[in-house]
Each structure stands twice: as structure tokens, then as C-alpha cells.
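In my numbering, the protein residues as written are 2 to 309. Yeah, the Cβ is synthetic: ideal placement off N, Cα and C, and Gly gets one too. As the structure is a computational prediction, the values presented were derived from the model and not from experiment. Data first, discussion second: the structure below is written as C-alpha cells.
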């Protein structure tokens, strides 16, 4: 069993809200650039380039700041777990989901991590599971069914929405478990820069092995679309975004940090409507509203118990 790293009590301070806002803007706007990566270069190769550059940049930062690089073998087990869940498989699943889904709908699926993280905390950390989390989970599942139900019912789900949904859920589960591991790293006192470097490095190695195993050609699309989106994902989402997210986990715990994903779809769906011509339907709107309501229910803090 993993050590408990969740902190769900106490009000959020101004700095916490600032970190939340930055996370929402960065990760909410990151889905469209991810979608723009698809086309010429295989997703696993795009991920390899992304984390190769990110790990090298973080290595320079670690050396410049004097953060430690040497750790024990058991520490590298944790770093490898972070690399697998938070910095490789999570992205790989969503890269492939992007072939089937608009970027905004991928963000809707990803927002379920605000429910999965508390559920995983209860399963692996033995953190008590509040009733409102169960209600939130049911609302999230029902909302997701409304969003994807029509596509699955008319047969397009065999090679379309259904596959995209499955890949998105797998990516969300990977992210949720990785968030718990990040909390463990913080609890053990690992410097954030060192943790990020080793996580990025293992993520790069895993994506490199996947690329080699699949026989994907190592190439670069030199178009402005590809290089611009890759640069955004490296600098803004990977280096800056995860630095903020990991700091948020260390300040308030994985459970509450994960609640910020409730706002990601609002940003992502706005961009998807504007740039991808995503067409809203009444059923999809109701489903998305239900997903957001479920996440907000999880986000709502319990009332303190009153004495007799």
C-alpha cells in the first residue's frame, strides 16, 4: 500500500488559487496543440521528441540549481512509475484518442480524473471515501454516457467514438495514478526539479521503446503547425504546466489538486468549437453539464462536524 499523501482539509490560500488558475489555463488549452500533432509523425515519436527535449531542459535546470541527481534504486522505481503513468502512457493514450475525438471531448473525459484520484486514494492509500464522491462519480459516468451514447448507438463507436473513449479513459486512469505517485515523491522529500527530470527521462525512454517496438520512423514534420504545437507542449504544458501541477500536489495533496480538471473542458471546448468546428447537441450539452456537476460535487468541501 502506498503512503497517504492526500490532504483534504483546510481552506485554500491565495497562492493555491493562483496555481489552480494557471493549471486550468495551461492544461485546458493544451488539448488543441495535442490534436495538431497528429498526421505525419507517429504519436509515440512525437511523444519521444517532446520528452527528450523536456528532460534535457530539466537536466540543465537541475545542474544549474545544484539539485541532486543521484538516488537509490527504490527511488528510481518511483521515478520510473512517474515516467510511465504521468509522462508517457497518459499522453500516448490521448494522442491516439485524438484520431477519433475532438480535443474538447478528450478534455471532458480527462476531467473524470477529479473523481478517479479520490477513488484511487481510497483503494491504494485507504483514504476514507466521502459519499459525495460516489454521487459525483455516478454523475460523471452518466454524463459521459450521454456525450458518447449516440455515437456508440449508431455503430460508429466500433472504430470511432468507442475506441476514442476507451483510450481516453485509459489515459485518465494513468494520469490519476501518476498524480498519487507524485504525491508520494513529495512526501519523501524529493526535490521537485529532480523528480521532474527523472520522470521526464523515464517517460522519454518508455516512449522511445514503444516507438522502436512499433517500428515507427523517427522523423520530424517541419511545418509551422507541427513545430508550433510541439513547442507549446514542451515549454508551456510539460515544463511549466507540470511544475505548477506538481507544486500544487505538494501543497494541498493529490485529491484536491486533481479537482482542478473540472475546469479544463470549459477552456478546451471553447477552443474546439472555435477551431475544430465542434457542433453542440442538446444531448452532448446535457452530458457535459452532468460531468461538470459531478466534478463540482467532488470539489465541494464537506461541512465541519458540529459538537453536540
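Check the C-beta distance from residue i over to residue j and give it rounded, since I have them as a contact under 8 angstroms.
{"i": "residue 46", "j": "residue 220", "result": "7 angstroms"}
{"i": "residue 72", "j": "residue 173", "result": "At roughly 29 angstroms, the Cβ-Cβ gap does not stay under 8 angstroms, so residue 72 and residue 173 are not in contact."}
{"i": "residue 144", "j": "residue 292", "result": "4 angstroms"}
{"i": "residue 99", "j": "residue 36", "result": "5 angstroms"}
{"i": "residue 252", "j": "residue 76", "result": "Their Cβ separation, rounded to whole angstroms, is 22 angstroms, which puts residue 252 and residue 76 out of contact at 8 angstroms."}
Around the C-beta of residue i, are 16 or more other C-beta atoms found within 10 angstroms, so that it is buried, or is it exposed?
{"i": "residue 281", "result": "exposed"}
{"i": "residue 88", "result": "buried"}
{"i": "residue 288", "result": "buried"}
{"i": "residue 177", "result": "buried"}
{"i": "residue 64", "result": "exposed"}
{"i": "residue 138", "result": "buried"}
{"i": "residue 224", "result": "exposed"}
{"i": "residue 190", "result": "exposed"}
{"i": "residue 254", "result": "buried"}
{"i": "residue 215", "result": "exposed"}
{"i": "residue 44", "result": "buried"}
{"i": "residue 51", "result": "buried"}
{"i": "residue 266", "result": "buried"}
At what residues does the alpha helix (DSSP H) containing residue i begin and finish?
{"i": "residue 62", "result": "44 to 66"}
{"i": "residue 274", "result": "265 to 276"}
{"i": "residue 163", "result": "162 to 188"}
{"i": "residue 19", "result": "15 to 29"}
{"i": "residue 76", "result": "74 to 85"}
{"i": "residue 228", "result": "225 to 233"}
{"i": "residue 41", "result": "Note, residue 41: premise wrong, no alpha helix (DSSP H); not H, not E."}
Between residue i and the rest of its own chain, which residues show a CB-CB distance below 6 angstroms, the 5 nearest in sequence each way excluded?
{"i": "residue 32", "result": "104, 107, 108, 269"}
{"i": "residue 294", "result": "140"}
{"i": "residue 49", "result": "208, 209, 212"}
{"i": "residue 246", "result": "24"}
{"i": "residue 68", "result": "192, 194, 195"}
{"i": "residue 222", "result": "41, 42"}
{"i": "residue 91", "result": "172, 175, 176"}
{"i": "residue 311", "result": "The shown model of the chain, from 2 to 309, leaves out residue 311, and the question about it has no answer."}
Is the beta carbon of residue i less than 8 angstroms from the beta carbon of residue j?
{"i": "residue 358", "j": "residue 93", "result": "This structure cannot speak to residue 358, because the chain is shown only from 2 to 309."}
{"i": "residue 170", "j": "residue 285", "result": "no"}
{"i": "residue 60", "j": "residue 96", "result": "no"}
{"i": "residue 1", "j": "residue 195", "result": "Because the chain in this structure spans residues 2 to 309, residue 1 falls outside the shown range and cannot be described."}
{"i": "residue 351", "j": "residue 297", "result": "The structure shown does not extend to residue 351, since the chain is modelled only from 2 through 309, so no value can be given for it."}
{"i": "residue 29", "j": "residue 264", "result": "yes"}
{"i": "residue 20", "j": "residue 238", "result": "no"}
{"i": "residue 228", "j": "residue 165", "result": "no"}
{"i": "residue 258", "j": "residue 180", "result": "yes"}
{"i": "residue 241", "j": "residue 27", "result": "yes"}
{"i": "residue 115", "j": "residue 262", "result": "yes"}
For residue i, which residues in the same chain have their Cβ closer than 7 angstroms to its Cβ, ignoring the five residues on either side in sequence?
{"i": "residue 34", "result": "230, 233, 234"}
{"i": "residue 79", "result": "182, 185, 186"}
{"i": "residue 62", "result": "194"}
{"i": "residue 217", "result": "43, 45, 46"}
{"i": "residue 151", "result": "284"}
Using a Cβ-Cβ cut-off of 8 angstroms (strictly less than) and excluding sequence neighbours within five positions of residue i, which residues of its own chain qualify?
{"i": "residue 206", "result": "84"}
{"i": "residue 56", "result": "198, 201, 202, 204, 205"}
{"i": "residue 86", "result": "175, 176, 178, 179, 182"}
{"i": "residue 226", "result": "37"}
Between residue i and the ligand FAD, is the CB less than 7 angstroms from at least one heavy atom?
{"i": "residue 46", "result": "Questions concerning the ligand FAD fall outside what the structure shown contains, since it holds no ligand whatsoever."}
8 angstroms is my cut-off, CB to CB: does residue i come that close to chain C?
{"i": "residue 123", "result": "The displayed structure is made up of one protein chain only, and chain C is not part of it."}
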